[in-house]
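Residue numbers (my numbering): 105 to 1255. Everything below concerns the one structure shown next.
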């Protein structure tokens, strides 16, 4: 065990230790008197005798490891060992009681520290680094002794306090766990603490007087992988858009990576893939998620993927045990998995034996007598009069009690299964030998005795039994091959079972690879996929669904109708209304059952083949099994699941076929072809009689069968593909090959494949037998386990989701760029800020669930991310050049109301970028026009938050002169300018086709002036701007009054008896204390409704002051604002201002 480093000084010590191993920095030693040769000399015997007679508290551990730094007088003992070269200073940090224990320490040091220490130039830094690392290991080792860190409240609370103090997140940012590790910065490792929270990965280090903080949101992670670098053989690498970060030297790197993998997957899917993703019940509230919940989710995902069970199944127990396997006449070691509705078994030897037992098939669960030969046995009996014997079960009594309780719940939730009148029917349906297709025709389905259901006609048999061809060449030979296969399967059933609870072994996999007989195919598909369980647990469900859904009209039904006649049109079963009607009913019923999926292209092809081999209701439940658990996330708007598996397939190509991957640098070309392989299970690109054999393997082995078969196809064509001239040539090679994959043993009619393209001017392509191709796929590429595939899916799902986000971003920018003058790189940064503001609200807002639902991945690109008023205000404060002090927030609210044209209280990025573009890059008249709009309805409302503004104060007097004194003693007579200005404006109105903006009232004008006054605060030319705006304000007040007076007298003449000069101080009273009344409240000759001024008046008046023109036309740079915003964006959400640090701080957006 590691010990807290303690300095030990031994002067002229005896040679008490023997060196066993040494390296550049470390030495492993054994104390004399211990081990095989420890007592051969007198010294060894003496030391051994002393260690024996000493009290146990004073005894010295027999093994240690020393740190030796060449050129340094200090040697550090890390795990107990021996002194070197006389008297030196040591650091005792760990002890080893056995050779095995000390070697584990030695191996860890070799793997994690030995190559790292060479990067340090200073010897003292080496000692300091090792001591810090060992201290961190001690802290983590102490906390990891408990199964859950939350079970040690003090340790976890201490870590939580440090996490909150160092990173200043809100309380709702739930800390999941923490680890001691090193973060590599260049070639130098920084020892510190890694904190994993629900939304972020954070790292803190204070090393050699320098502080480092790192914050990486999970939604910014683009790649999470275990890899190696030149110093370390096992590191965790996290890649974001801008940087790569390597973390190493974990005490338990497997656990750390597993938790990271889960957090990244859950957070990205919750925030970016909320179209159909549903969290487990225990993860619904992010503030309540624990490390145990994430580990349970990982185990649940593996369990459901391995046995291909419904998403609702929740794993309860995982127990080591042994199962009696009669075919081998022995007990097979493995694990029992129990869930809500299943008891499952998987042998430790992969593929040796798997068993799936639905609880609805179970009759009894009993404990047997415990003996030395059969320790802790239980017997599970099922309806087909078969019993399964499990032994070596720990906590047997608790297990049996829980299983009986779940069995009772299953029977209570399915009362129809308990009725005696159904027992014979269930038993007969469980047996493959009793399975028969019905007589040709249709059957009347009556559900719950309702007479109206008598009008509903469903196919009572598989379509292939009705629509078949005779007189084919070689039919006798093929039928004889079918009979041989049937006999083989019957022999297998008699030995391994014939129900869904059969023993699934390597032998049955070989039978499947040979091709399932036509007469058994549909039934075995039901058993392998466990669609049989859904079928018998939901009697009458499909008929009711058909009745409800038929006749309804929606987008899904329109798409279904369009594709009905494109579904296997070459097969006679779909050349008449019987097959088409059955296909319509199944697809429409499923679209009604699962509206999140609805209908997706390629579902029609798959369902057509299911109808050929299964009854209509059975085909429906097979479709449910495929769409909802065997190919998760395949059939939706973005086909995320299919794209993830395409990415996994590319990795497998690089791993298994490196020469082909090297030749085809861009494997996305292959993905464009292989996508249809996965979506249609090869049914659309191979002859039907061959493709159904692939579907056989898929129902038995799941997606693994499609991966390995795809690799076998590429391997068979590798030479030609490597010699291909271009991508088009490569695609033609694959298409020709697949079109000539034949099944000589199939009794099906030879039906041409309309989906492949073939050029007659090419040489004839040799045919390939489907069974040979399937056999090669198992022999050469069948070694990938479900667990490996699931881990690859985790990794590639991150990449696929981030690619979708990047595509969304580029499409939004493509729409926005033509309308703005912002540089592309700045526009990208602005989009990232906009999106991050949405995500921050998803993290911590009280209504985060509502905010998350605003993100609609299936919607138009421009509408996928939208922000509300508060989020817009936060962004406006960060990036707007119009800073108005406390008035900024009010201005932001008005801007939001102006942009919210559809009154949904949400705005898109295009509107946000457009208003910023005017502020930064617009001409003066555009900026003034935008300001003008912000001070008239709908932007300005009667309920405006600026309640103490002049908007609610008495109106100002407009008895002001138009002769203004200048600082140099000159005067400017604006009277003539005013006349000419108004005449010019009147002429321009007739020439303008553009719709005029509403006139501004005096109260609105006062708000407009107040905004301008606030904008000038702290400007270098502040005094000149104040004087200029005071002058313009006076001028505009007079314009409004003159217009009112001329209107009220019915004359177009302007009064010219304006007199006396007004002081600047009196003009500034407009912007003074809002609660003060004007000095001359009696001088209000007009009402507010009569006083108006137009945009043209305001713009023309502002143009008379050069300082105002300079202010609005000076160039503004958006980039510094964006840089500051990236650092400050979190400050609006966290508990307080960020704490300054003495070292490097790398917050959000600067990973």
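Built from N, CA and C at the ideal position, the CB exists for glycine as well.
Problem - Beta-carbon proximity list for residue 930, same chain, < 8 Å, skipping 5 on both sides - result: Cβ within range, chain order: 1222, 1223 and 1226.
Problem - DSSP state of residue 272 mapped onto helix, strand, coil - result: Annotated three-state conformation of residue 272 is coil, per DSSP.
Exercise for the section: Just tell me which of 1201, 977 and 1004 has its CA closest to the CA of residue 1233. Expected result: Comparing Cα-Cα distances from residue 1233 to each of 1201, 977 and 1004, the minimum goes to 977.
Practice task
Would you kindly check if the distance between the Cβ of residue 206 and the Cβ of residue 169 is under 8 Å?
Solution key: Result yes, Cβ atoms of residue 169 and residue 206 sit closer than 8 Å.
Exercise for the section: Name the residue from 1015, 585 and 695 whose alpha carbon lies nearest to the alpha carbon of residue 849. Expected result: 585
Exercise for the section: Confirm, please, whether the CB-CB distance from residue 754 to residue 775 is below 8 Å. Expected result: yes
Problem - Length at least 3, wholly inside the region 762-804: the beta strand (DSSP E) runs in chain order - result: none
Problem - Inter-residue Cα distance where the pair is residue 123 and residue 350 - result: When rounded, the distance between both Cα atoms is 34 Å.
Handout entry: residue 311 vs residue 296 beta-carbon contact at 8 Å
Key = yes
Practice task
Could you name the residues of the same chain whose beta carbon sits closer than 7 Å to that of residue 716, not counting the 5 residues immediately before and after it, in chain order?
Solution key: Cβ-Cβ distances below 7 Å link residue 716 to 566, 567, 568 and 677 in the same chain, with the five nearest sequence neighbours on each side left out; the list follows chain order.
Exercise for the section: Compute the beta-carbon to beta-carbon distance between residue 371 and residue 322, rounded to the nearest angstrom, for a pair I have assumed lies under 8 Å. Expected result: 4 Å
Practice task
Output yes or no for whether 8 Å exceeds the beta carbon distance between residue 924 and residue 1021.
Solution key: yes
Problem - Distance cut-off 7 Å: residue 230 Cβ against heavy atoms of the ligand GDP - result: For the structure depicted, the ligand GDP is absent and the ligand set is empty, with no information on it obtainable.
Practice task
Could you please give me the residues that DSSP links to residue 496 through a beta bridge?
Solution key: Partner(s): none; residue 496 has no beta bridge.
Exercise for the section: Just tell me which of 517, 1024 and 479 has its CA closest to the CA of residue 501. Expected result: 479
Handout entry: Contact between the region 697-709 and the region 737-748 (3+ Cβ pairs under 8 Å)
Key = yes
Exercise for the section: Tell whether a beta-carbon distance below 8 Å holds between residue 466 and residue 495. Expected result: Not in contact: residue 466 and residue 495 (Cβ atoms no closer than 8 Å).
Problem - Host alpha helix (DSSP H) of residue 948 (start-end) - result: In the DSSP annotation of this structure, the continuous segment of the alpha helix (DSSP H) that includes residue 948 starts and ends at 928-948.
Practice task
Could you check if residue 1263 is buried or exposed, using at least 16 other CB atoms within 10 Å of its CB as the buried criterion?
Solution key: One cannot answer for residue 1263 here, as it falls past the ends of the chain, which runs 105 to 1255.
Practice task
Excluding the 5 residues preceding and the 5 following residue 965 in the sequence, name in chain order all residues of the same chain whose CB lies nearer than 7 Å to its CB.
Solution key: 912, 915 and 916
Exercise for the section: Quick one: grab the DSSP three-state call for residue 445. Expected result: coil
Handout entry: residue 1023 vs residue 985 beta-carbon contact at 8 Å
Key = yes
Exercise for the section: Using the DSSP secondary-structure output, state which residues sit across from residue 296 in a beta bridge. Expected result: Paired residue(s): 285.
Problem - C-alpha distance - residue 1142 paired with residue 1206, whole-angstrom precision - result: 14 Å
Exercise for the section: Locate the alpha helix (DSSP H) running through residue 682, then write down its first and last residues. Expected result: 681-697
Problem - Beta bridge counterpart(s) of residue 462 as assigned by DSSP - result: 446
Exercise for the section: Work out the CA separation of residue 165 and residue 184 for me, nearest whole Å. Expected result: Residue placement at residue 184 cannot be trusted, given a pLDDT of 47 that sits under 50; what the coordinates show is reported in the next sentence. Going by the C-alpha atoms only, they are around 6 Å apart.
Exercise for the section: Hey, could you find the ends of the alpha helix (DSSP H) residue 892 is sitting in? Expected result: 890-920
Problem - Residues bridged to residue 125 [DSSP beta-bridge criterion] - result: According to DSSP, which records beta bridges pairwise, residue 125 is partnered with 132.
Exercise for the section: Answer yes or no: do residue 1211 and residue 1132 have a C-beta to C-beta separation smaller than 8 Å? Expected result: Closer than 8 Å, so yes.
Practice task
Spatial neighbours of residue 972 within its chain, please: CB distance less than 7 Å, with the 5 preceding and 5 following residues excluded, ordered by chain position.
Solution key: Beyond the five residues adjoining it in sequence on each side, residue 972 comes within less than 7 Å, by CB distance, of 1009 and 1010 in the same chain, given in chain order.
Exercise for the section: Would you please state the rounded distance, in angstroms, between the beta carbons of residue 782 and residue 757? I believe it to be under 8 Å. Expected result: Not really, about 14 Å apart at Cβ, beyond 8 Å.
Exercise for the section: Can you check the region 1097-1142 for any beta strand (DSSP E) of at least 3 residues that lies completely inside it and give the ranges in chain order? Expected result: none
Practice task
Would you check if the distance between the CB atom of residue 869 and the CB atom of residue 844 is smaller than 8 Å?
Solution key: Going by C-beta atoms, residue 869 is nearer than 8 Å to residue 844.
Practice task
Can you have a look at residue 457 and say buried or exposed, based on whether 16 or more other CB atoms are within 10 angstroms of its CB?
Solution key: When all chains shown are included, residue 457 counts as buried.
Handout entry: Close-in-space but distant-in-sequence residues of the same chain around residue 650 (CB under 8 Å, 5 per side omitted)
Key = 560, 562, 689, 692 and 693
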